[in-house]
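Residue numbering for the sequence shown follows the working numbering, beginning at 19 and increasing consecutively. Just so it is clear, CB atoms sit at the ideal spot from N, CA and C, and this is done for glycine as well. One structure below.
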Amino acid sequence: MLTFTFKTATLLCVSLQQQAEAFSTLPPTPASRSYSTARSAFKLPELSLPNNLFQSKEVRRSELKQQILSLASETKRGLTATDEQKEKMQTLFAELETLNPTPNPLIGNGKKASVNGDWSLDYTTSDSILGKGGFPRVGPIIQHIDTTTLSAKNSETVQYIVFPVPRSVTAELSPVNGKFTDVKFKRFQLGPIGFDAPETFRGSLDITYLDEDVRLTRGDKGNIFVLTRM
Numbered sequence: 019m020l021t022f023t024f025k026t027a028t029l030l031c032v033s034l035q036q037q038a039e040a041f042s043t044l045p046p047t048p049a050s051r052s053y054s055t056a057r058s059a060f061k062l063p064e065l066s067l068p069n070n071l072f073q074s075k076e077v078r079r080s081e082l083k084q085q086i087l088s089l090a091s092e093t094k095r096g097l098t099a100t101d102e103q104k105e106k107m108q109t110l111f112a113e114l115e116t117l118n119p120t121p122n123p124l125i126g127n128g129k130k131a132s133v134n135g136d137w138s139l140d141y142t143t144s145d146s147i148l149g150k151g152g153f154p155r156v157g158p159i160i161q162h163i164d165t166t167t168l169s170a171k172n173s174e175t176v177q178y179i180v181f182p183v184p185r186s187v188t189a190e191l192s193p194v195n196g197k198f199t200d201v202k203f204k205r206f207q208l209g210p211i212g213f214d215a216p217e218t219f220r221g222s223l224d225i226t227y228l229d230e231d232v233r234l235t236r237g238d239k240g241n242i243f244v245l246t247r248m
């Protein structure tokens, strides 16, 4: 047989009152407020986790590449990009750089993707290369790289009023490390006319991402470049 003290009866009443208030639309009593306040003091904060936290690197790389190339096509290599689209590209570009599978792209080892070969420019922030305010580019803008001869060549076709004219420039590469190289331009070709580049025509390439299909590069003037293998 159970014996109820006054204290036991009081605790039982408070407990029943709290349960009843849980299903009531009436305002809580002072006793329940005190209980609720004490409970909330020990409540853990809610955590918001990014959607891609548990994605593999391969899956995330694929998604980023798809988004970058889609935006590049949408903006016509960056020619029609709005400020918002430029900002979005910078964000995607920077994230893909962190997933670079080839840390030393200028040093071939037969196991990693090679930077050598022809690459098509899909996007850039360089107004001069895009031809903004000048004669439009027709067809692909191509960059050829050969680390065995430490040479490079940029080529394109420019629409001068009614005449498409091919033009190109060759360059000499001087690697500083496995991903960064100084560039010295050697000779320009404009249609049938060729001439040597001035001694001061120099630049640099920082290859920040490379796989079998896509290459990301940062130039010496702060511009970014997205290229796909041809």
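Between residue 205 and residue 176, the beta carbon gap of about 17 angstroms keeps them out of contact (Cβ cut-off 8 angstroms).
In the three-state DSSP reduction, residue 171 falls in the strand class (E or B). With fewer than three CB-CB distances shorter than 8 angstroms, the stretch 90–100 does not count as touching the stretch 161–172. Residue 232 is classed as buried because its beta carbon has at least 16 other beta carbons within 10 Å across all chains shown. Listed as beta-bridge partners of residue 193 by DSSP are 199. DSSP links residue 160 through a beta bridge to 138, 173. Judged by DSSP in its simplified three-state form, residue 186 adopts strand.
With contact defined as three or more Cβ pairs closer than 8 angstroms, the stretch 106–121 and the stretch 222–236 are in contact. According to the DSSP secondary-structure assignment, residue 151 is paired through a beta bridge with no residue.
Remark: three or more beta-carbon pairs, one from each stretch, lie closer than 8 angstroms, so the stretch 137–150 and the stretch 233–245 are flagged as touching.
Burial state of residue 161 is buried, judged by a 10 Å Cβ sphere holding 16 or more other Cβ atoms. Apart from sequence neighbours up to five positions away, the residues of its chain that approach residue 148 with a beta-carbon distance below 8 angstroms are 95, 96, 97, 142, 155, ordered along the chain. Taking the C-beta atoms as reference points, residue 178 is found no nearer than 9 angstroms to residue 219. Around the Cβ of residue 109, a 10 Å sphere holds fewer than 16 other Cβ atoms; the residue is exposed.
Within the same chain, and ignoring the five residues on either side of residue 187 in sequence, the residues whose Cβ sits closer than 6 angstroms to its Cβ are 172, 203, 206. Of the residues assessed, residue 180 falls on the exposed side of the cut-off, its CB having fewer than 16 other CB atoms within 10 angstroms. Distance check between residue 183 and each of 211, 199, 239 places 211 closest, using alpha-carbon atoms only.
Judged by DSSP in its simplified three-state form, residue 207 adopts strand. Between the C-alpha atoms of residue 221 and residue 91 there is a straight-line separation of about 27 angstroms. DSSP places residue 111 outside any beta strand (DSSP E); the residue lies instead in the alpha helix (DSSP H), whose first and last residues are 101–115.
Cβ contact annotation for residue 130 (same chain, cutoff 6 angstroms, sequence separation greater than five): 120, in chain order.
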